[in-house]
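**Student:** First the structure, then my questions, so here it is.
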């Protein structure tokens with residue numbers, strides 16, 4: 003497969019953008035990315051968005067984006083994989099360039115969650131499970147996470163799990179595009195009310211709006227552009243949608259497979275990874291991602307977190323701009339924020355959170371509780 | 013829906029995987045032979061949570077409890093829990109299936125019934 | 004009286020919700036005295052229960068005892084005055100829930116508190132004629148009492164179900180005889196737009212309840228009928244504790260024959276399930292060879308009376324399901340505000 007490169011990124015601040023609509027939020031990110039890459043045009047557009055139908059009553063986002071970004075005429079597709087919709091768009095865009103069909107593509111993700119009440123957003127998230135089974139029963143995303151949390155707790159204890167949001171918030175301090183750019187203490191997390199026992203409110207990502215975009219180019223175009231480039235690889239895998247149908251609900255097979263495949267593609271090993279953008283939609287999911295992905299022994303992720311392993315100064319910094327919890331999680335855009343942030347680190351443009359000469363970064367994006375996992379790996383070349 | 017009303021489903025004859033819908037192929041081994049079965053209506057609670065910030069369809073009945081139940085034949089299912097006293101929501105508690113209203117679509121729409129689980133009457 | 008003898012009960016089951024409210028708790032809110040309540044406490048359906056869900060529970064219990072293939076049930080009649088839909092039968096919901104679909108007959112019945120017993124009478128006819136092999140008769144109600152009204156103390160929730168078929172060695176009891184007595188007597192009624200029923204207070208006593216129950220019972224006792232010495236248990240419709248005891252007194256029958264079937268004090272008036280749950284309680288303890296006289300009462304008004312003889316089959320089948328007494332003991336008390344939350348169906352919309 004031919005090389006694919008990230009040549010530029012753009013994103014908006016994550017906040018409640020009461021005065022903007024979805025397509026223009028995405029257009030803003032898209033144009034920033036195009037300008038950042040220095041390309042004059044793109045051959046195709048891939049849009050990631052999860053809930054535009056229920057929340058905005060809008061479909062056909064591909065064509066809409068083409069028009070808003072001034073790219074009428076280009077082929078444009080919208081991809082959906084629940085909260086990993088941005089990653090799905092990235093996967094499609096990657097294949098387009100890797101196959102040789104396109105020279106440059108725009109991948110843009112966006113979500114306007116504030117267009118719905120929080121119960122409507124919850125209802126939307128519940129659609130990542132079977133609507134007539136888990137959804138019918140009212141076993142929403144938080145309930146499923148809570149059940150996993152209980153099983154985890156029974157097997158390993160829950161020490162350190164609530165520390166993940168603390169790390170994310172620590173990293174988000176001072177980040178201009180983050181939704182919650184301030185520190186929170188572990189005490190504050192533990193005192194926050196339950197959202198679904200034992201999961202607490204400050205252990206889950208908030209509701210916000212945002213859009214992020216990346217420009218993917220082929221090797222040839224990459225050489226001609228003056229902007230920094232990072233080689234990108236992406237893989238994906240699925241698992242049984244209902245986590246309790248899986249052999250071990252605490253082993254996210256989709257994550258393991260996606261990570262293994264992307265490492266194989268990139269001819270890289272786990273030890274080479276300098277940083278991870280983790281899917282910390284909930285604290286327990288962050289822990290399960292690390293353990294299932296092979297970055298922590300089972301049952302140890304929380305303890306390692308408490309020891310500082312995943313902090314900026316630690317052995318494996320995670321969520322260097324705040325992750326889903328503190329930077330924010332506008333579903334369709336999230337994976338693209340993750341890629342953009344890794345790109346910024348590799349390009350030495352990460353500002354106050356700049357790591358020391360990072361060379362390889364990994365992003366992990368999940369739909370639901372791991373029905374699908376997308377792993378992308380970016381390498382400085 | 014047979015599964016939602018009576019825990020009925022389709023079991024793969026070759027690998028034993030249980031499907032709570034009528035499968036085209038087995039989700040595990042892709043075989044096409046199934047036996048129609050009804051799951052046992054009792055089991056034990058292996059994990060539970062209380063949903064306090066519900067999705068809109070359940071806004072009026074929150075907080076409500078969701079449980080992960082291991083039925084007497086080993087099958088695991090997810091269910092709302094009902095009719096319990098606080099002290100009865102315990103890891104390992106014996107629970108049994110009951111037939112209840114799950115959702116009501118306003119004053120004009122259909123009443124959707126289905127199973128829930130509650131503490132077993134017969135403790136033995 | 005009509006002699007039957009060729010129709011039997013193969014399975015029976017009762018269901019009451021877990022929740023209870025004490026009469027004195029209701030009295031506390033309405034400023035009524037601690038004494039003189041018509042019952043001590045009544046059942047309260049949970050927020051996710053209704054006549055259909057309770058009918059299913061009772062039917063499943065009956066099926067556990069009967070041990071028959073549910074697909075052999077050709078008719079399901081649910082008698083209720085609180086059926087969940089104005090148009091859509093409860094019977095088909097029950098049929099699907101017990102695996103009896105496609106069934107043949109499944110209309111709903113209304114005759115106030117005697118709709119369930121009338122279902123038994125109709126099913127008996129269908130079985131005797133050979134039109135169906137087995138039939139399921141259910142009385143189920145999630146009764147609503149007008150807040151502050153006398154009936155609020157007793158309007159309760161419950162269901163009872165009976166599977167009838169031809170007599171054979173598996174049957175638990177035989178229906179030996181039946182009579183009915185109905186007239187146009189408006190003692191208690193509800194117009195469609197009203198949420199709660201209206202009642203005519205003292206008129207519901209003598210000209211209504213007593214006249215019709217005694218009318219139906221007399222038909223079983225006179226002419227070629229039974230003598231009360233042949234009857235071991237009498238089960239009457241029990242809107243409160245006093246009325247059934249008054250009938251017993253009038254018939255000159257000892258309280259000990261009526262008490263086993265009198266559960267109103269701890270259950271309340273479960274309307275269409277009312278006398279039938281009393282029957283369930285008796286079947287849970289009666290011995291083969293004993294006879295039960297059941298007389299229901301439905302406002303508007305009428306009574307069905309049956310003489311039922313217990314068979315050997317009951318010894319094997321009784322313990323295949325929990326006895327009603329276990330459900331009566333298994334309770335969670337609620338206060339008046341929780342009671343309103345549970346019973347105000349606005350919430351489950």
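Protein chains in written order, with this note's numbering: chain X, 3 to 383; chain F, 13 to 136; chain R, 4 to 352. All residues carry an ideal CB built from backbone N, CA and C; glycine is no exception. Being a predicted model, the structure only gives us computed values, none of them experimental.
1) Give me the Cα-Cα distance between residue 221 (chain X) and residue 43 (chain X), rounded to the nearest whole angstrom.
2) In this structure, does DSSP put residue 242 (chain X) in helix, strand or coil?
3) Would the stretch 202 to 209 of chain R and the stretch 223 to 236 of chain R be scored as touching if the rule is three or more Cβ pairs under 8 Å?
4) Suppose the cutoff is 7 Å on Cβ atoms and the five residues either side in sequence are ignored; what does the same chain contact list for residue 2 (chain X) look like?
5) Just to check my reading of the structure: residue 88 (chain X) and residue 294 (chain X) have Cβ atoms closer than 8 Å, yes? What is that Cβ distance to the nearest angstrom?
6) For residue 122 (chain F) and chain X, any beta-carbon pair shorter than 9 Å?
7) Starting from the C-beta of residue 74 (chain X), find all residues in its chain whose C-beta is less than 8 Å away, skip the five residues before and the five after it, and write them out in chain order.
8) Helix, strand or coil for residue 351 (chain R), going by three-state DSSP, please let me know.
9) Pick from R:139, R:89, R:117, R:283: whose alpha carbon is nearest that of residue 101 (chain R)?
10) Mind listing the chain F neighbours of residue 197 (chain X)? Cutoff is C-beta to C-beta under 9 Å, in chain order.
11) Considering only C-alpha positions, which residue in the set R:338, R:317, R:322 is nearest to residue 171 (chain R)?
12) Can you tell me whether DSSP reads residue 136 (chain F) as helix, strand or coil?
13) For residue 111 (chain R), which residues does DSSP report across the bridge?
14) Which two residues bound the contiguous beta strand (DSSP E) that contains residue 61 (chain F)?
15) Using only the heavy atoms of the ligand ATP, determine whether one of them is closer than 8 Å to the beta carbon of residue 27 (chain R).
16) Nearest-angstrom Cα distance between residue 131 (chain X) and residue 28 (chain F)?
17) If you run the structure through DSSP and keep just helix, strand and coil, what is residue 35 (chain R)?
18) Please report the residue range of the alpha helix (DSSP H) in which residue 301 (chain R) lies.
19) Can you look up residue 148 (chain X) in the DSSP assignment and give me helix, strand or coil?
20) If we count Cβ pairs, one from each stretch, closer than 8 Å, do we get three or more for the stretch 8 to 23 of chain R versus the stretch 70 to 88 of chain F?
21) If you draw a straight line from the C-alpha of residue 8 (chain X) to the C-alpha of residue 62 (chain F), how long is it?
22) Could you spell out the range, first to last residue, of the alpha helix (DSSP H) harbouring residue 4 (chain R)?
23) Could you tell me if residue 69 (chain R) is buried or exposed, where buried requires 16 or more neighbouring beta carbons within 10 angstroms of its beta carbon?
24) Less than 9 Å between the C-beta atoms of residue 127 (chain X) and residue 67 (chain F), yes or no?
25) According to DSSP, simplified to helix, strand and coil, what is residue 149 (chain F)?
26) If you compare alpha carbons, which of F:83, F:53, F:32 is closest to residue 358 (chain R)?
27) Assign residue 136 (chain F) to buried or exposed, taking buried as 16 or more other Cβ atoms, counted over all protein chains shown, within 10 Å of its Cβ.
28) Would you report the Cα separation of residue 339 (chain X) and residue 38 (chain F), rounded to the nearest angstrom?
29) Beta-carbon of residue 68 (chain F) versus every beta-carbon of chain R: anything under 9 Å?
30) In this structure, does DSSP put residue 120 (chain R) in helix, strand or coil?
31) State the Cα-Cα distance for the pair residue 77 (chain R) and residue 215 (chain R), rounded to the nearest angstrom.
32) By Cβ distance below 6 Å, which residues in the same chain neighbour residue 162 (chain X) in space, the five residues on each side in sequence not counted?
33) For residue 275 (chain X) and residue 95 (chain F), what's the separation of their Cα atoms in angstroms?
34) By DSSP, does residue 184 (chain X) sit in helix, in strand, or in coil?
35) Rounding to the nearest angstrom, what Cα-Cα distance links residue 363 (chain X) and residue 379 (chain X) in this structure?
36) From the beta carbon of residue 132 (chain F), is the nearest beta carbon of chain A less than 9 Å away?
**Tutor:** Put simply:
1) Counting from one through the first chain, the residue named residue 221 (chain X) turns up at place 219. Counting from one through the first chain, the residue named residue 43 (chain X) turns up at place 41. Each residue's Cα considered, the two are about 16 Å apart.
2) Here residue 242 (chain X) is taken as the residue at index 240 of the first chain, counted from 1. In this structure, residue 242 (chain X) counts as coil in the three-state DSSP scheme.
3) no
4) Given that chain X is displayed from residue 3 to residue 383, the structure contains no residue 2 (chain X) and the question cannot be resolved.
5) Numbered from its first residue, the first chain carries residue 88 (chain X) at position 86. Numbered from its first residue, the first chain carries residue 294 (chain X) at position 292. Actually they are not in contact, since the Cβ atoms of residue 88 (chain X) and residue 294 (chain X) sit about 21 Å apart, beyond 8 Å.
6) Here residue 122 (chain F) corresponds to residue number 110 of the second chain, with the count starting at 1. No, no contact with chain X.
7) For the purposes of this step, residue 74 (chain X) is taken as residue 72 along the first chain, with counting starting at 1. Taken in chain order, the residues that qualify are 68.
8) Stepping through the third chain from its first residue, residue 351 (chain R) is reached at position 348. In this prediction, residue 351 (chain R) has a pLDDT of 49, which is less than 50 and means its spatial position is unreliable; what the coordinates show is noted afterwards. Residue 351 (chain R) falls in the coil class under three-state DSSP.
9) Indexing the third chain from 1 puts residue 101 (chain R) at position 98. Closest by alpha carbon: R:139.
10) For the purposes of this step, residue 197 (chain X) is identified with residue 195 of the first chain, where counting begins at 1. The answer, in chain order, is 63, 64, 65.
11) Here residue 171 (chain R) refers to the residue found at position 168 of the third chain. Comparing Cα-Cα distances from residue 171 (chain R) to each of R:338, R:317, R:322, the minimum goes to R:317.
12) Counted from its first residue, the second chain places residue 136 (chain F) at position 124. Unreliable positioning characterises residue 136 (chain F) in this predicted model, as indicated by a pLDDT of 42, which lies under 50. The coordinate reading is nonetheless provided below. Coil.
13) For this step, residue 111 (chain R) is matched to residue 108 along the third chain. Bridge partners of residue 111 (chain R): R:81.
14) On the second chain, position 49 is the one that residue 61 (chain F) refers to. Element bounds for residue 61 (chain F): 54 to 63.
15) This structure does not include the ligand ATP; it has no bound ligands of any sort.
16) In the first chain, counting from the first residue as 1, residue 131 (chain X) sits at position 129. In the second chain, counting from the first residue as 1, residue 28 (chain F) sits at position 16. Those two C-alpha atoms are separated by around 23 Å.
17) Position 32 of the third chain, counting from 1, holds the residue named residue 35 (chain R). Looking at residue 35 (chain R) - three-state DSSP - the assignment turns out to be coil, as it is neither helix nor strand.
18) For the purposes of this step, residue 301 (chain R) is taken as residue 298 along the third chain, with counting starting at 1. Segment: none, residue 301 (chain R) is in no alpha helix (DSSP H) and carries neither H nor E.
19) Along the first chain, one-based indexing puts residue 148 (chain X) at 146. In this structure, residue 148 (chain X) counts as helix in the three-state DSSP scheme.
20) no
21) To locate residue 8 (chain X), count along the first chain from 1; it is residue 6. To locate residue 62 (chain F), count along the second chain from 1; it is residue 50. Using only the alpha carbons, I get a separation of about 43 Å.
22) Here the question's residue 4 (chain R) lines up with position 1 in the third chain. Unbroken run through residue 4 (chain R): none, as it is neither H nor E.
23) Counting from one through the third chain, the residue named residue 69 (chain R) turns up at place 66. Buried.
24) Along the first chain, read from residue 1 onward, the residue named residue 127 (chain X) stands at position 125. Along the second chain, read from residue 1 onward, the residue named residue 67 (chain F) stands at position 55. Going by C-beta atoms, residue 127 (chain X) is nearer than 9 Å to residue 67 (chain F).
25) Nothing in the structure corresponds to residue 149 (chain F), since chain F is present only between 13 and 136.
26) Shown here, chain R extends from 4 to 352; a query on residue 358 (chain R) therefore has no answer.
27) Here residue 136 (chain F) is taken as the residue at index 124 of the second chain, counted from 1. In this predicted model, residue 136 (chain F) has a pLDDT of only 42, less than 50, meaning its place in the structure is not dependable enough to derive any value.
28) In the first chain, residue 339 (chain X) corresponds to position 337, counting from 1. In the second chain, residue 38 (chain F) corresponds to position 26, counting from 1. About 37 Å.
29) The residue you call residue 68 (chain F) lines up with position 56 of the second chain. By this cut-off, residue 68 (chain F) is not an interface position.
30) Walking along the third chain from the start, residue 120 (chain R) turns up at place 117. Residue 120 (chain R): helix per DSSP, three-state reduction.
31) By one-based count along the third chain, residue 77 (chain R) stands at place 74. By one-based count along the third chain, residue 215 (chain R) stands at place 212. Roughly 31 Å separates the two Cα atoms.
32) The residue you call residue 162 (chain X) lines up with position 160 of the first chain. Within the same chain, residue 162 (chain X) has close Cβ partners 304, 305, 307, 308.
33) The count along the first chain starts at 1 and reaches residue 275 (chain X) at position 273. The count along the second chain starts at 1 and reaches residue 95 (chain F) at position 83. When rounded, the distance between both Cα atoms is 50 Å.
34) Here residue 184 (chain X) refers to the residue found at position 182 of the first chain. Coil.
35) Position 361 of the first chain, counting from 1, holds the residue named residue 363 (chain X). Position 377 of the first chain, counting from 1, holds the residue named residue 379 (chain X). Cα-Cα distance, rounded: 6 Å.
36) Among the protein chains of the structure shown, namely X, F and R, there is no chain A.
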